[in-house]
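Data first, discussion second: the structure below is written as structure tokens.
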Amino acid sequence: MNINYGKPHPGIRRRYFESGSAVLPDGVQLVGRYESRQASPLPRHRHPGVFEIKYVSQGTLRYRLNGGDIEIHAGELHICRPGEPHGGANNRMPPCLCYWLEVMPERLLPDSETARIFASLPSGKLVPPDRRLAMYFERLFDECASQRPDRLNCIAGWVRLLLVDIGRECRARPVAVPAGQPYSEPVRAVIAAMRQHVADAEPLEQLLAAGRLSPSAIFERFRQETGHTPNEFRLQLKIERSLELLRDPSLSITAVAFRLGFSSSQYFATVFRKITGYSPRRWRDRLATLERLT
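The numbering of the sequence shown is our numbering, which starts it at 228 and goes up by one.
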């Protein structure tokens, strides 16, 4: 939605790129940067259908979310769920430097574990400081402002990397499933078995047996509750794990594929591309670039 930020002021620098401007790829609604040495208006607003991810680089951002005030300190990242009313405390934006992103993870990473993690995030999720997150936003904003002919692909790539890293951080710090939407005990048991054997070539039937239902019954319940077949869900977990293994330069892509129980590196690459939009080698190259920048 359009927000009335008040009159422009020389002490406030705000720049953003919106969808429809031929700069942003599908699934990214807005990329912005705000820098100010004085307070400015930030009225209560909401973003239907999109997550707002805000990263504070300098200063402290005091935010009002669902009627309560929170503080986002330098280095922290805050996530607003689609449609959540939020704005500055007392409708003011304090002096700070921050970046923000409005995004639909399910568009950029369809049928992925990362998209599912975002869908299950609680209200007002805070992610602790990580220099890598700052680099994502800085590079993302620079790409938006560039005139590179391939900037759409580059922007999509940086956003995907950001979403996957946020998802991994949220997964490492267990996220509660929203009230009224928990998985049933049989489905939770199967997911736990999948995570325990994510690097194994364990037959799917043995993993489904953890649900203690007939094969047809657990298959149908799993599909209904997660929106994916058990095999699709299992592959997503394997790819999420592969993102961590690909950070190790001593492991070849073939070694990563075999370590996760794939029958061949070609099949691994096919699944990897379907979920992330990149080949494993291209993803690893981008990670190497990011490591050099940090």
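Glycine is no exception: its CB is placed at the ideal position from the N, C-alpha and C atoms.
Check	Outcome
Should the segment 427-435 be regarded as contacting the segment 445-462, the criterion being three or more beta carbon pairs within less than 8 Å?	yes
Determine which residues share a DSSP beta bridge with Val255 and list them.	Val330
Judging by CA-CA distance, which residue of Lys501, Gly438, Gly315 is the nearest neighbour of Leu292?	Gly315
Below 8 Å, how does it come out for the segment 350-364 and the segment 411-426: are there three or more Cβ pairs, yes or no?	no
Look at the alpha carbon of Arg508 and the alpha carbon of Thr497, and state the distance between them as a whole number of angstroms.	12 Å
Does the segment 255-267 touch the segment 320-333, meaning 3 or more C-beta pairs lie closer than 8 Å?	yes
Buried or exposed, going by whether 16 or more other CB atoms sit within 10 Å of the CB of Ser339?	buried
How many angstroms separate the CA atom of Ala484 from the CA atom of Met421?	17 Å
Is DSSP giving Gly351 helix, strand or coil here?	coil
Alpha carbon to alpha carbon, what distance is there between Leu470 and Arg511?	9 Å
Under three-state DSSP, which class holds Gln285?	strand
Just to confirm my understanding: we take Pro309, look at its own chain, exclude 5 residues before and 5 after, and list those with CB closer than 7 Å. What are they?	His274, Pro275, Gly276, Val277, Phe278
Give me the Cα-Cα distance between His300 and Asn317, rounded to the nearest whole angstrom.	18 Å
Looking at the unbroken beta strand (DSSP E) that takes in Leu304, where does it start and where does it end?	304-307
Assess, as a yes-or-no matter, whether the segment 434-446 is touched by the segment 472-482 under the definition of 3 or more beta carbon pairs within less than 8 Å.	no
What residues match up with Ser267 in a beta bridge as DSSP calls it?	Met320
Residues in its own chain within less than 6 Å of Arg271 by CB, not counting five upstream and five downstream?	Pro312, Gly314
Please classify Gly384 as buried or exposed, where buried requires at least 16 neighbouring CB atoms within 10 angstroms.	buried
Is the separation between the beta-carbon of Val386 and that of Val255 shorter than 7 Å?	yes
Closest to Thr503 by C-alpha separation, out of His305, Met320, Ala346, Pro337, would be which residue?	Pro337
Nearest to Pro252 by CA position, among Glu370, Pro321, Tyr494, is which residue?	Glu370
Let me make sure I understand the geometry here. Which of Ile297, Lys501, Gly302 has the alpha-carbon closest to that of Gln285?	Gly302
Hey, would you say Ile344 sits closer than 7 Å to Gly295, going by beta carbons?	no
Is the Cβ-Cβ distance between Arg468 and Val425 less than 7 Å?	yes
At the level of alpha carbons, what is the spacing between Arg513 and Val283?	24 Å
What first and last residue would you give for the beta strand (DSSP E) that runs through Glu298?	295-300
Counting C-beta neighbours from all protein chains within 10 Å, is the total for Ser209 16 or more, i.e. buried, or is it exposed?	The chain is shown only over 228 to 521; residue 209 falls outside these bounds and no answer can be derived.
Could you compute how far the alpha carbon of Ser506 sits from the alpha carbon of Gln493?	10 Å
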